[in-house]
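Chemist: Chains as they are written, first to last, in our numbering: chain A, 1 to 384; chain B, 385 to 891.
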Amino acid sequence: MSQPKKAWSPASIASRVWSLIAVPILSILMAIVVGAIVIVLSSTLLLKQPMDLTLPITAYAALAQGGLGSYDAFVSTFVLATPLLLAGLGVAIGFKAGLFNIGAQGQFLMGAVGSVAVGVQMAHLPAVIAIPAALLGGMILGAAWGFVPGLLKAISGAHEVVTTIMMNYIALAALTWSVTGPLRQVGAAQPSTATVGAAALPIVLDRSGHIGIFIALAAVPIAWFLLYRTTRGFEIRAVGANPDAARYAGVKPRRLIVLSMSIAGMLAGLAGACTVLGVTHEVNASFSTTVGFDSITVALLGRSNPLGVLFAALLFGEMRAGAGPMQIHAGVPVELVDFIQALILLFLIANVVLRRLLRLRGIAGAEQTGFETITRSYGRETTV
Amino acid sequence: MRGITKRYPGVVANDHIDLDLQAGEIHALLGENGAGKTTLMNILYGLAVPDEGQILIDGRPVRFAGPSDAIAAGIEMVHQHFMLIPVMSVAENVILGAETMANPIFIDRREARRRIRDLAGKFGFELDPDAKIESLSVGQQQRVEILKMLYRDAQILVLDEPTAVLTPNETEEIFELLRNLTKDGRSIIFISHKLHEVLEIANRITVIRRGKVVGQRRPAETNDKELAELMVGRAVQLTADRGQSHLAEVRLKVDNVHVRDDRGAEAVHGISLEIRSGEILGIAGVAGNGQDELVEALIGLRKVTGGHVFLGTRDVTGVSPRTINESNVGYVPADRHRFGLILAFPLTDNLVLTSYYKEPFAHGLLRDERAILDAARKRIREYDIRTPSPLVPAQTLSGGNQQKLIVAREFEGETFLLVLDQPTRGLDVGSIEFIHKRIIEKRNSGVAVLLVSAELDEVMELSDRIAVMYRGSLVAFLDGRTADKNQVGLLMATGRSSVGDESGAAS
């Protein structure tokens with residue numbers, strides 16, 4: 001990853017790459033297989049239709065078609081992948097630092113609130129001012145939602161899993177309050193904010209492809225560069241991999257915990273901002289999403305590697321984009337996509353079992369990929 | 385064992401090894417780390433299946449599918465790390481897995497206790513069956529391990545480095561016990577890389593190098609020098625030539641320092657010491673007498689709860705590890721996997737662990753991968769670290785090479801003070817020789833060295849002065865050249881230089 005390639009033979013690169021991607025790929029394949037069984041069984045048993053063994057193929061073909069089959073579909077895959085990618089990168093950076101940030105959901109919602117609050121204020125200003133300001137508003141509020149759990153952990157050792165879950169509830173309540181209270185558009189029938197007007201992200205691809213897509217894509221190399229080419233990234237990875245050695249190396253774990261959580265929150269907040277400014281253009285009381293939680297699966301599936309997170313986000317975006325067409329053409333409910341996502345997560349977490357079943361060897365020298373953080377984060381004493 | 389061969393991908397761990405063990409014999413197995421001793425014993429214990437060769441017991445070939453087969457055949461093993469449950473009693477630990485049942489449901493504790501007392505008495509030692517393991521000394525725990533084997537009526541006992549954690553006196557007592565066992569017709573395989581112990585206890589010595597038997601000797605016919613050469617494959621200098629020290633200014637001054645352990649109990653009770661430029665101060669002591677806490681406090685990893693630490697004339701009490709590091713203090717931690725290395729990171733990153741943020745390895749916030757790689761290549765060459773590439777994770781290296789990696793990082797450049805906590809623990813003679821040479825070199829170039837070791841020989845060999853640490857205090861300072869090994873051993877074990885002497889404290 002971070003090393004010049006010439007020290008490795010092609011065979012050793014291949015085996016290293018395989019050892020990294022084997023579990024994610026197999027998890028996806030197994031989820032698809034189990035999903036196929038469920039498609040057949042549910043249509044037979046629940047809908048009382050004659051058993052149709054080709055139904056999974058029809059359904060999966062429609063799923064693929066819906067996300068990749070046309071330029072239109074392709075663009076909507078990227079639109080749906082954008083928030084997953086941004087928030088997923090945030091979760092991944094947390095994993096690298098040994099932090100299990102379940103708060104992406106709340107940070108995402110606060111990003112939405114922050115961007116709409118600024119966007120509505122600047123709806124009549126020139127776009128070159130309104131857009132950066134609104135994005136920044138989302139990033140700052142998201143970062144604040146990561147900063148607080150980070151600070152709590154640094155000061156008192158409060159576990160981030162607990163505090164971020166609480167912050168998620170606070171975020172949801174804050175969103176509802178601001179939409180029904182201070183940000184509510186006067187005269188609207190339903191509680192909703194005004195639209196963001198000039199702060200809306202320009203559509204540059206097809207009918208829905210806003211420039212947020214490119215912001216998210218640009219975040220991939222930036223995150224990689226941060227982690228692998230800067231001293232701060234080295235410190236983040238060092239604290240995650242061995243907090244004691246990192247402390248000896250002169251790293252200040254408390255500061256890094258706060259920093260990593262803030263970066264994670266900022267990215268999830270940016271995801272929320274892109275969704276509001278690029279897609280919904282307003283926030284109403286029913287603004288809800290599972291992006292924050294899906295992004296945890298995305299980070300795990302991508303093994304916390306920025307490039308891996310990109311592929312994982314695109315896969316999930318594709319499934320979201322294809323879900324509707326699948327329901328229309330194959331009669332399989334859109335919820336199948338949630339089901340497959342859940343299965344992928346299940347197989348990822350059960351990777352120890354998977355490895356044994358498939359006789360895969362462990363990855364020599366794997367860095368923090370997320371699994372370790374999850375399995376270790378409870379049993380370990382706080383590092384600060 | 386006849387013609388035992390075991391291949392792993394890329395290596396032949398055991399290459400046609402023959403080993404015979406007679407009744408009532410102590411047979412020592414000697415070899416460097418990675419020579420194949422452990423593989424061979426795993427095969428004997430049924431943990432691994434040989435690719436070729438067979439095991440014969442009393443002339444009959446046997447096949448072990450797992451440890452339970454080996455145990456049934458009367459083979460028992462004591463691992464290097466004790467397999468005891470601290471909160472349970474001696475009796476409970478001993479019978480675990482071989483419970484003496486009064487009926488199908490209840491354990492017959494009385495019978496178990498009686499048998500344990502009988503066995504202990506028979507082999508000449510005392511052990512309370514109801515004592516909790518955690519209340520026993522390490523030497524007594526070792527006896528519990530041996531008792532476990534005897535309780536299962538083992539005829540062949542395999543001991544993997546049984547003396548690694550014992551004091552000289554405890555070692556002597558264990559040796560006595562082992563000799564008693566052989567009188568009873570039992571046979572012992574004794575694995576070690578401590579040459580003098582092997583010479584003292586064994587009837588025969590088999591030396592293994594790179595998976596092959598390279599020699600078999602009787603103690604009377606050989607000496608430590610020859611054994612070391614067999615083990616390593618070249619001439620080895622066993623005692624470091626320390627030469628004269630040229631003392632200069634005081635570089636480390638520790639003044640009445642108090643430190644607490646992880647549980648908050650005071651582990652270091654007001655220690656004072658001074659080390660001068662060009663001097664090695666060795667701290668001898670049984671592991672767990674506060675040495676690690678003292679060292680961690682000096683490095684800034686642990687809070688100093690009282691007293692002062694000076695580097696030169698500068699007060700560095702309570703400063704951060706980075707400040708200590710930037711004062712050119714090198715540190716080799718006792719637990720290299722905890723403080724010394726990030727195992728998942730490549731050698732390159734580990735070699736710049738304390739300097740990653742400085743020129744030439746970083747410019748501002750940006751890492752210079754080229755400079756890091758070049759420096760790594762250079763140090764790997766200089767310190768003879770055996771690795772296929774500077775980019776493999778540190779965990780793929782052997783223990784000796786991991787330690788060299790740390791030494792390469794900490795000894796590099798200008799050094800004001802070296803703090804070495806168990807610098808050669810678990811290493812083979814070749815690596816020990818290498819590291820000892822580097823320590824002496826540093827000392828001769830004027831570096832002050834604090835050497836903490838539970839290995840009495842190491843302290844005796846290298847130190848200009850010896851301090852003995854006992855229960856958080858320094859109980860004696862001795863001259864490194866004239867100190868008597870038995871006296872130091874006694875101080876380590878009791879805190880007193882002779883029985884009845886209450887006034888040993890000199891700190």
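A virtual CB, placed ideally from N, CA and C, is assigned to each residue, including glycine.
1. Checking contacts by CB at 9 Å: is serine 19(A) closer than that to chain B?
2. Assuming the contact rule is C-beta atoms closer than 8 Å, alanine 198(A) and leucine 125(A) should be a hit. Round their C-beta distance to whole Å, please.
3. Report buried or exposed for methionine 467(B), applying the criterion of at least 16 other Cβ atoms within 10 angstroms of its Cβ.
4. Pairs of beta-carbons, one from the stretch 303–318 of chain A and one from the stretch 31–50 of chain A, closer than 8 Å: are there three or more?
5. Consider the Cβ of asparagine 709(B): report whether some Cβ of chain A lies at a distance smaller than 9 Å.
6. Looking at the structure shown, is valine 516(B) part of a helix, part of a strand, or coil, going by DSSP?
7. Is the Cβ of asparagine 242(A) closer than 9 Å to any Cβ of chain B?
8. Relative to the C-alpha of glycine 302(A), which residue among Ile203(A), Ala14(A), Leu20(A), Ala11(A) is closest?
9. What are the boundary residues of the alpha helix (DSSP H) that includes valine 852(B)?
10. Only counting the same chain, and skipping five residues up and downstream in sequence, which positions put a Cβ closer than 6 Å to that of glutamate 554(B)?
11. Between the stretch 537–546 of chain B and the stretch 448–463 of chain B, can you find at least three pairs of beta-carbon atoms closer than 8 Å?
12. Can you tell me where the beta strand (DSSP E) holding valine 836(B) begins and where it ends?
13. Looking at isoleucine 708(B): is its Cβ nearer than 9 Å to the Cβ of leucine 695(B)?
14. Under a Cβ-count criterion, where at least 16 other Cβ atoms within 10 Å of its own Cβ denotes burial, should alanine 419(B) be classed as buried or exposed?
15. Taking the beta strand (DSSP E) that aspartate 805(B) falls in, what are its first and last residues?
16. What number of angstroms, rounded off, separates the C-alpha of serine 178(A) from the C-alpha of alanine 188(A)?
17. Do the CB positions of proline 419(A) and alanine 154(A) come within less than 9 Å of each other?
18. Which residues in the same chain as phenylalanine 311(A) place their Cβ atom closer than 7 Å to its Cβ, once the five residues preceding and following it in sequence are excluded?
19. How about leucine 862(B) and isoleucine 659(B): do their beta carbons lie closer than 9 Å?
20. Would you list the one or two residues that DSSP bridges to glutamine 438(B)?
21. Roughly how many whole angstroms lie between the Cα atoms of glycine 250(A) and arginine 706(B)?
22. Any beta-carbon of chain A closer than 9 Å to the one on proline 603(B)?
23. Report buried or exposed for proline 470(B), applying the criterion of at least 16 other Cβ atoms within 10 angstroms of its Cβ.
24. Within 10 angstroms of the Cβ of histidine 630(B), are there 16 or more other Cβ atoms? Answer buried if so, exposed if not.
25. I'd like to know whether the C-beta of arginine 247(A) is nearer than 9 Å to at least one C-beta of chain B.
26. At a Cβ threshold of 9 Å, is lysine 153(A) touching chain B?
27. Whole angstroms is fine: what's the gap from isoleucine 764(B)'s alpha carbon to isoleucine 819(B)'s?
28. Across the stretch 502–509 of chain B and the stretch 402–410 of chain B, are there enough close Cβ pairs to call them in contact, namely three or more that are closer than 8 Å?
29. So, with DSSP's three-state summary, where would you put glutamate 160(A)?
30. Following the continuous alpha helix (DSSP H) through isoleucine 25(A), name the residue where it begins and the one where it ends.
31. Return yes when the Cβ of glycine 272(A) is within less than 9 Å of the Cβ of phenylalanine 78(A), no when it is not.
32. Given this structure, state the Cα-to-Cα distance separating isoleucine 211(A) from proline 132(A), to the nearest angstrom.
33. In chain order, which continuous runs of the alpha helix (DSSP H) of length 4 or greater are located wholly inside the stretch 213–295 of chain A?
34. Skipping 5 residues on each side, what residues in its chain have a beta carbon closer than 6 Å to that of isoleucine 13(A)?
35. If I follow the unbroken alpha helix (DSSP H) through alanine 651(B), where does it start and stop?
36. Per DSSP, which residues does glutamine 600(B) bridge with? Please list them.
Modeler: So, from the data block:
1. Answer no: the Cβ-Cβ gap between serine 19(A) and chain B never drops below 9 Å.
2. The pair is a contact, with the Cβ atoms about 6 Å apart (cut-off 8 Å).
3. By the neighbour-count criterion, in which a residue is buried when 16 or more other Cβ atoms sit within 10 angstroms of its Cβ, methionine 467(B) is exposed.
4. As far as the Cβ criterion goes, the stretch 303–318 of chain A does not touch the stretch 31–50 of chain A, which means the pair count is below three.
5. Yes, because at least one Cβ of chain A sits closer than 9 Å to the Cβ of asparagine 709(B).
6. Correcting the residue type first, residue 516(B) is lysine in the shown sequence and not valine. Three-state result, lysine 516(B): strand.
7. Cβ-Cβ to chain B under 9 Å: yes for asparagine 242(A).
8. If we check each option's Cα against that of glycine 302(A), Leu20(A) comes out closest.
9. Secondary structure note for valine 852(B): it is in no alpha helix (DSSP H), and the uninterrupted beta strand (DSSP E) holding it is 849–854.
10. Hits under 6 Å: Gly523.
11. The way I'd put it, the stretch 448–463 of chain B does touch the stretch 537–546 of chain B; three or more beta-carbon pairs between them come closer than 8 Å.
12. Per DSSP, valine 836(B) belongs to the beta strand (DSSP E) from 832–837.
13. With a cutoff of 9 Å on beta-carbon distance, isoleucine 708(B) and leucine 695(B) are scored as near each other.
14. Around the Cβ of alanine 419(B), a 10 Å sphere holds 16 or more other Cβ atoms; the residue is buried.
15. Run containing aspartate 805(B): 801–805, per the beta strand (DSSP E) assignment.
16. About 15 Å.
17. The requested residue 419(A) does not occur in the structure, where chain A is confined to residues 1 to 384.
18. Within the same chain, and ignoring the five residues on either side of phenylalanine 311(A) in sequence, the residues whose Cβ sits closer than 7 Å to its Cβ are Gly302.
19. With respect to the 9 Å criterion, leucine 862(B) and isoleucine 659(B) are not classified as neighbours on the basis of their beta carbons.
20. The partner list for glutamine 438(B) (beta bridge, DSSP) reads Arg386(B).
21. About 4 Å.
22. Not an interface residue.
23. It is exposed - the Cβ of proline 470(B) has fewer than 16 other Cβ atoms within 10 Å.
24. Histidine 630(B) should be labelled exposed.
25. Arginine 247(A) counts as touching chain B.
26. Chain B, which has no Cβ nearer than 9 Å to the Cβ of lysine 153(A), makes this no.
27. Distance between the alpha carbons of isoleucine 764(B) and isoleucine 819(B) is about 14 Å.
28. The stretch 502–509 of chain B vs the stretch 402–410 of chain B: no contact.
29. Glutamate 160(A) falls in the helix class under three-state DSSP.
30. Per DSSP, isoleucine 25(A) belongs to the alpha helix (DSSP H) from 10–45.
31. Their beta carbons are not under 9 Å apart, which means phenylalanine 78(A) does not touch glycine 272(A) by this criterion.
32. Approximately 12 Å, taken between the alpha carbons.
33. Segments of the alpha helix (DSSP H) lying fully in the stretch 213–295 of chain A: 231–241, 243–248, 253–275.
34. Here isoleucine 13(A) has no same chain residue with a Cβ atom under 6 Å from its own Cβ, once five neighbours each way along the sequence are excluded.
35. Where alanine 651(B) is concerned, there is no enclosing alpha helix (DSSP H), although the beta strand (DSSP E) around it starts and stops at 650–660.
36. Residue pairing by DSSP places glutamine 600(B) opposite Thr590(B) in a beta bridge.
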